[in-house]
Structure formats: structure tokens, C-alpha cells
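Under full-length UniProt numbering, the first residue of the sequence shown is numbered 1, with each subsequent residue one higher.
Where a beta carbon is used, it is the ideal one built from N, C-alpha and C, also for glycine.
Fair warning: this is a prediction, and the values are worked out from it, not measured in the lab.
Remarks on the structure that follows.
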Amino acid sequence: MTDRKLVMITGSTSGLGFELAKLFANDGYDVAMSGSSETIYQSAEEIEELGVEAYPFQADASTYDGVEAFWQFVKNKGRNLDAAVLNVGIGMGGSFLENDLQEELKLIDINVSGTVHMAKRVVQHMVPNQAGDIMIVSSVSATLPTPYETVYGPSKAFGFMFAEALREELKETGVNVTAMLPGATNTSFHHNAGMDSTYFGDENNKNDKELVAKQGYEALKNKVDQVVGGDEATKKEAEENKRTAEDVLAAKHAEKAKPQQ
Ligand SMILES: NC(=O)c1ccc[n+]([C@@H]2O[C@H](COP(=O)([O-])OP(=O)(O)OC[C@H]3O[C@@H](n4cnc5c(N)ncnc54)[C@H](OP(=O)(O)O)[C@@H]3O)[C@@H](O)[C@H]2O)c1
């Protein structure tokens, strides 16, 4: 048996999930990692170079069976789960009129249904132990309407309010819930969402993924309810969103997210 703590991080092949895996590993956590591609095994090897155990699992987080299989894989380690980062999420640019319905429903399956499914398993594991830290990765997109990412923003608003609600319900149990709201960040996210031709396709307009992950990690460790990930301008934007009318915010976001011809 090991004295090390255990964290599970969904969607940790690359991007923010992988950055978070490095931070937990540097703090001495073993890391259970999931992704849909075979690259998850290589990513796990990189985490093991930091001196901990990494447990990679390849599964599709858009299906019930894929989510459940990763949970069973973690549970079968027979250890207490000390932290869970519900990070996996996909984006989708383009117009609602033209976008493919099946792709939009897949986004909801991953970002919403998958988050609820994994949270259920994690909460029911952690509460009897009276300890645990849960991070739900939302987005600054949760704080405004997101035209040309019409379904994505609301999926992240779900994660934000879900995290805050769960935190309140669990406050006497010893289990902490923190929502992380990154601003635009330099991972493959916008490319994967088909948004290369937008404002968000330009790397200069994005936050550093190491900084964003670090801010999220520290917020979780300090057990705060929410943190905006990014530079001062990103934090200011998230604050201003609270005081700005939705139609104004929608028009501003449309300018940034509308595909250029
Ligand atoms: N980057 C941003 O600007 C930004 C801003 C705000 C919020 N966020 C949120 O941050 C989270 C992480 O995003 P990211 O920027 O790190 O994105 P990313 O670079 O695209 O990484 C996505 C991660 O999820 C995994 N993944 C994708 N589809 C999957 C599936 N069907 N099943 C299992 N794993 C899957 C990928 O691994 P595989 O390649 O192995 O599938 C990868 O590890 C998301 O929830 C996103 O909404 C990102």
C-alpha cells in the first residue's frame, strides 16, 4: 500500500487536464487519467517521470459506458479518492442554423451528462469518507451568452451552477467543491472546436495554460467556491459580465466568435 493521495482527472491527455495532472503529481498525488485517444498512455508516462504512479484509461466520455468504465477503473484501485477534477469538455464553433445536431448533442453528453454522471459516483464515494476535493471545470463562457458557440456556453453555465449548488449541499460533509472558470486559454480547444478563423484562433488572445491550471489548483487547495483562470484582463472581464446586460454581452461575443470568411 502507498501513503500517496489519489486524484482522478477526466480529459487529461493534453490541455488543462494534463497541466493539472502535473501540478497534482508535483504535490505527490498518484493520478488516474482519462482520454479518448491512445495518447493517454504516453501522457501517463510523462506524469510518472514526476515520481508518482499514473493510471491511464482510454474511454469516450460522450457515452454512459465510457464514463462508467473510467469510474469503475478508478474504484477498482481499492483506494480512497482524495480529489477529482471533472475537466473533460469540448467546444463547438459555427452557427446554430448550420451546425450538426448530433455533434451538439455529443457536446451536451460530454459537458453536461458526463459531468453529472461522474459527479454522482465521486460524491457517493467521498461523502462516506468525509473528505475530498472536487473541481468542476466550467468557463468564463458560463457568465454570458455565447453566439457562434451557442450550445457550448450554456453547457458551461450548467457546470458553474451545478458546482455552486453541490458545494452548498455538501458543506457539512467534509467534501469541497470548487468551480474553475478559465478565460480563453492556449490549448488545442479552439482548434478542435473549429474556431481557427475567429478571434479565439489567435494565440495572442489567450491565457497561458500553466497559469490557468495553477490558479485552479490553488483555488481547490484553498477550498474557495470559484476562480476565474487567466490574467487580470480576464478576471476584469468576468467581473464586468456580472454588471452588463445579456444582449450587450451577446453582441460582443458574436464579434469574437463569428467565423470569418
Ligand atoms: N482552452 C480554453 O480556452 C478553455 C476556456 C474555458 C474552459 N475550458 C474548459 O477546460 C476544459 C479542458 O479544455 P482544454 O482547453 O484543455 O481542451 P483540449 O486541449 O481540447 O483538451 C481536451 C481534453 O479532453 C479529452 N477529450 C476530448 N474529447 C474526449 C472524449 N470524447 N472522451 C474522453 N476524453 C476526451 C482530450 O483527450 P483525447 O485527445 O485523448 O481525447 C484532452 O485531454 C474543458 O472542459 C473546456 O470546456 C477551456
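Rounded Cβ spacing between residue i and residue j (contact assumed at less than 8 Å)
i	j	result
I136	G159	5 Å
N241	L144	5 Å
G229	G216	6 Å
L92	E104	Before going on, a small fix: residue 92 reads as Met here, not Leu. At roughly 7 Å, the Cβ-Cβ gap stays under 8 Å, so M92 and E104 are in contact.
A32	Y55	4 Å
L16	P182	7 Å
D109	S62	4 Å
A157	A142	4 Å
Check: residue i C-beta below 8 Å from any heavy atom of ligand 1
i	result
D202	no
L181	yes
G94	no
I108	no
V151	no
L105	no
F18	yes
H125	no
D231	no
D60	yes
G132	no
F189	yes
A184	yes
Per-residue DSSP class, three states only, for residue i
i	result
A84	strand
N129	helix
F57	strand
I134	strand
D65	helix
L144	coil
M8	strand
D109	helix
N204	helix
S34	strand
M92	coil
V227	strand
T2	coil
N99	coil
L170	coil
L50	coil
V248	helix
T187	coil
A193	coil
T198	coil
P259	coil
Straight-line gap, residue i to residue j (C-alpha atoms, nearest Å)
i	j	result
E49	V177	29 Å
A233	V85	25 Å
G11	Q261	32 Å
G35	F57	7 Å
E149	D3	44 Å
L97	V7	40 Å
E68	Q102	21 Å
K75	S37	22 Å
A131	N99	42 Å
V127	R167	12 Å
A238	I40	32 Å
T187	K22	15 Å
L107	G66	14 Å
A257	P147	7 Å
N207	A184	6 Å
N111	L249	22 Å
Residue i: CB within 8 Å of a non-hydrogen atom of ligand 2
i	result
H253	As for ligand 2, it is missing from this structure, which binds only ligand 1.
Cutoff 9 Å: residue i Cβ touching any chain B Cβ
i	result
T39	Among the chains in the structure shown there is no chain B, since it carries only a single protein chain.
Query - Cβ pair count under 8 Å reaching 3, the region 165-175 against the region 189-200 - result: no
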